[in-house]
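See structure below.
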Amino acid sequence: MSGKKHKKRLDKKQIKGAVSRALREQPVIDMHTHLYPPSFGTPVAGKGGDIDEGGLMLWGVDELLTYHYLIAELFRTVRPSELTPDAFYGMDKRAQAELIWKNLFIDRSPISEAARGVLTTLQKLGLDTGDRDLEGYRKWFGEQTADGYIDKVMEIANVSSITMTNAVFDDNERERWLADGSIGDDSRFTAVLRLDPLICNYREAAGKLREWGYEAGDVFEGEGIEEVKRFLRDWIGRIKAIYAAVSLPPDFRYEEGGEGTWGEGSRVLREAILPVCREFDIPFAMMIGSQRGVNPPLRDAGDMGFKADVESVARICREFSENRFFVTLLSRENQHELAVAARKFGNLMVFGCWWFLNNPSIIEEMTRMRCELLGTTFIPQHSDARVLDQLIYKWDHSRGILYEVFKDKYLDLAATGWSVTEKEIRRDVEAMLSGNFRGFLKG
Ligand code: RAT
Ligand code: ZN
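Whatever position you read off the sequence shown (first residue = 1), add 30 for our numbering.
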């Protein structure tokens, strides 16, 4: 039987061109960042803005250079007798940036992904990386206004929406929301309620809740349960959270019986967080595998990743079939099992190549495997940017790798005789960079 030949069939060269165009032109919704609009204050001096020392909006070359990924790399280049982490953190930001610049960019070639990222960012902003002129870069950034710079970065990175991580247990952030509920109203940003202590350290979280006027007991039980739910409802409403999220350590287990190390955290999940997510019809994100403080003096740079328990993820997805879950895991070894779990549960949306996995070789391997197991039904990447400007390199580098994977997949399709069209390539790329996320939020 001969079907009607597809008129728009592309040849190999055209397929490559179409994938490259689709990836370049498709705006991204970045579903997990640690970025904020200027309404949260900025400690960075720009043109015309006030400096707010505790401000949360980070941008500019000194912040790029002092990214915690690079701080970890700096401490591979200095002897403890020369510089301790405490001494480093005691230095001012400019001096920290200068040391990282010297040790990681001048004294050796910046070939690590985080170091290369700084250079891609400067280059795409139009600065000459060949100059190696840190002072010149600083001058350029000093001429930007924080607000206008967000538009510039979003345009260069082709990011249409930035999803924040709003840590309600962080006093600095919490107080800003309480002082002015409209700080989240910047249309370029959306909010996410981040709740780590509620599951990871309920007793401590309950103490805070009591300080804030919620009668949560030291043990998660009785009337305290309703108070935890009231707290969640208040904050989801206050910040207009589009989903709620938690980062869990590798030893996290979902313990249905409520016994064992994770018994109480599992009950908080089952009896408070997931019911409230259902009420608001929002997904819950679980980022699992980060072991905090493996080398405590390094602070944020001292965390590590280990293997998580994918079976717990599967049990949660099965028991809470009315909830929707975004899941990303930090260990490379977990990625195959997680993708297989997503084949079993439509309420599980796999996302991103998180933190130590956000390196070209691993992104490529993970994305190929996910395409092979899940087709187009996953979210290949998020940036995890902490410094606004990082959106530029994270998305530039990721788009390049997604090109390598997707073009191979469409060439494989064409080899079967299937007609591959530009319109359908664009449709699929739209889904993976934006639509799958939007659709999963809606349910
Ligand atoms: O990727 C990172 O920058 C980590 O420090 C964490 O922020 C992690 O992404 C998280 O959200 O906990
Ligand atoms: Zn993060």
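The beta-carbon is built from N, C-alpha and C at its ideal position, and this holds for glycine as well.
Under three-state DSSP, which class holds D60? Correct three-state label for D60: strand.
Alpha carbon to alpha carbon, how far is L223 from R162? Give it in angstroms, no decimals. Near 40 Å, if we compare the C-alpha coordinates of L223 and R162.
Cβ-heavy atom distance, D200 to the ligand ZN, below 6 Å: No; taking the cut-off as 6 Å, the Cβ of D200 has no heavy atom of the ligand ZN nearer than that.
I'd like to confirm the pairing. Which residues does DSSP put opposite L223 in its beta bridges? Beta-bridge pairing links L223 to N196 and A274.
Decide if I101 is buried, meaning its Cβ has at least 16 other Cβ atoms within 10 Å, or exposed. Buried, since its Cβ has 16 or more Cβ neighbours within 10 Å.
Can you check whether the CB of G382 is closer than 7 Å to the CB of T484? Absent from the model: residue 484. The displayed extent of the chain is 31 to 473, so no value can be given.
Identity of the residue in K43, G295 and W207 nearest N231 by Cα: Looking at the Cα atoms, G295 is the closest of the given residues.
Note down the Cα distance separating C307 from R468, rounded to an integer number of angstroms. Cα-Cα distance, rounded: 16 Å.
Buried or exposed for W292, going by 16 or more other Cβ atoms inside 10 Å? Burial is judged here by how many other beta carbons sit within 10 angstroms of a residue's own beta carbon; W292 has at least 16 and is buried.
I422 - partner residues in DSSP beta bridges: When DSSP reads this structure, I422 sits in no beta bridge, so it has no partner.
E251 versus K238 - alpha carbon distance: Going by the C-alpha atoms only, they are around 16 Å apart.
Start-to-end residues for the alpha helix (DSSP H) that takes in F310: Run containing F310: L304 to F310, per the alpha helix (DSSP H) assignment.
Identify whether I81 lies in helix, strand or coil by the three-state DSSP scheme. Three-state result, I81: coil.
Cβ distance (whole Å) where P73 is taken to contact D82 below 8 Å: The beta-carbon separation of P73 and D82, rounded to 6 Å, stays under the 8 Å limit for a contact.
Which stretch, first to last residue, makes up the beta strand (DSSP E) that contains T477? It is not possible to answer for residue 477, since the shown part of the chain is limited to 31 through 473.
Less than 6 Å separating the Cβ of D414 from some heavy atom of the ligand RAT? At least one heavy atom of the ligand RAT is nearer than 6 Å to the Cβ of D414, so yes.
Do we get a CB-CB distance below 7 Å when we pair G254 with the residues of chain C? No chain C appears in the structure shown, which is made up of a single protein chain.
From the DSSP output, read off the bridge partner residues of R378. Position check: residue 378 holds Leu in this sequence, whereas Arg was assumed. As DSSP reads the structure, L378 sits in a beta bridge with F355.
Check whether the Cβ of W385 lies closer than 6 Å to any heavy atom of the ligand RAT, and answer yes or no. Result yes, Cβ under 6 Å from the ligand RAT.
Would the beta-carbon of S142 be found less than 6 Å away from any heavy atom of the ligand RAT? Result no, Cβ not under 6 Å from the ligand RAT.
Would the beta-carbon of V435 fall within 7 Å of that of R400? Contact: no.
Buried or exposed: N388, going by 16 or more other Cβ atoms within 10 Å of its Cβ? Around the CB of N388, 16 or more other CB atoms lie within 10 Å, so the residue is classed as buried.
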